[in-house]
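Remarks on the structure that follows.
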Amino acid sequence: MRLTIDTETDTYEQALAAVQAAFGMRPVTPVDWPEAPDPRPGPQDLADDDLADGWSERMLFQVVATLMPGARAVLRRITDLGGTASYEDVQQHFAHHPTNPIPLSRIGGTLTSVKAVQRRVGPDGAGPLLQRDERARRYRIDDALVAGLLRAFALADARPDLLRGEPADD
1 MRLTIDTETD TYEQALAAVQ AAFGMRPVTP VDWPEAPDPR PGPQDLADDD
51 LADGWSERML FQVVATLMPG ARAVLRRITD LGGTASYEDV QQHFAHHPTN
101 PIPLSRIGGT LTSVKAVQRR VGPDGAGPLL QRDERARRYR IDDALVAGLL
151 RAFALADARP DLLRGEPADD
């Protein structure tokens, strides 16, 4: 059995009633009890329709949720820039970033996980989610996927508990 109590939105009485209900007890509901808030958003709220090349909003969220935080931050930056950014812009943005600093020489290595995660959770046979043009030194995301990624990142902001965190230091 799994019981989830949101300590920020659920009242003590609501939490107690949830525990009692989980164990088959019938709690007495006070008359002045507030209604429970709307359920928290989750991946089930994202569309499952094909955006392009087999990608759906849910799959894009799975990629976002599975990425390491550094790769997620870089993908977000490129998405926020409309899906296209130069290597130099991305490197400079993260070189001295206050929460996600990434040395200039490590951006490419940080982004290798995007390809690995795509192979695991992306659609079979899809082209790369994050395309790299070595000659023009630009990153690009298909326009049809940018809007889906923006919705996936909005869910990630609302539910950081669904995201992969930093690896534990041993």
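For the sequence shown, the working numbering gives the first residue as 1, with consecutive numbering after it.
We put the CB at the ideal spot given by N, CA and C, even for glycine.
| Buried or exposed: where does Thr-79 fall if 16 or more other Cβ atoms within 10 Å of its Cβ makes it buried? | buried
| task | Under 8 Å Cβ to Cβ from Asp-170, same chain only, skipping five residues before and after it: list those, please. | result | Bear in mind that a pLDDT of 46 at Asp-170, under 50, signals an unreliable position, so the model cannot answer this.
| Extent of the continuous alpha helix (DSSP H) run through Thr-4 | That residue, Thr-4, is in no alpha helix (DSSP H); it is neither H nor E in DSSP.
| task | Indicate the three-state DSSP secondary structure (helix, strand or coil) for Thr-110 in the structure shown. | result | helix
| field | Run of the alpha helix (DSSP H) containing Arg-132, from where it starts to where it stops | value | It is not in any alpha helix (DSSP H) - Arg-132 instead sits in the beta strand (DSSP E) that spans 131 to 133.
| Three-pair Cβ contact test at 8 Å for the segment 143 to 154 versus the segment 54 to 62 | yes
| task | Please confirm if the segment 79 to 93 is in contact with the segment 123 to 139, defined as three or more CB-CB distances below 8 Å between the two stretches. | result | yes
| Which residues in the same chain have their Cβ closer than 6 Å to the Cβ of Gln-62, if we skip the five residues on either side of it in sequence? | Val-121
| request: Closer than 7 Å by C-beta to Arg-159: which residues in its own chain qualify, once you throw out the five before and the five after it? Chain order, please. | output: Arg-40, Pro-41, Gly-42
| task | Quick one: grab the DSSP three-state call for Ser-105. | result | helix
| query | Which residues in the same chain as Ile-102 place their Cβ atom closer than 6 Å to its Cβ, once the five residues preceding and following it in sequence are excluded? | reply | Gly-70, Phe-94, Thr-110
| Taking Cβ positions, are Val-64 and Ala-152 nearer each other than 7 Å? | yes
| query | Since Val-114 contacts Leu-129 with CB under 8 Å, what's their CB separation in whole angstroms? | reply | 6 Å
| query | With burial defined as no fewer than 16 other Cβ atoms inside 10 Å of the residue's Cβ, what is the status of Leu-155: buried or exposed? | reply | buried
| Three-state secondary structure (DSSP) of Arg-120 | helix
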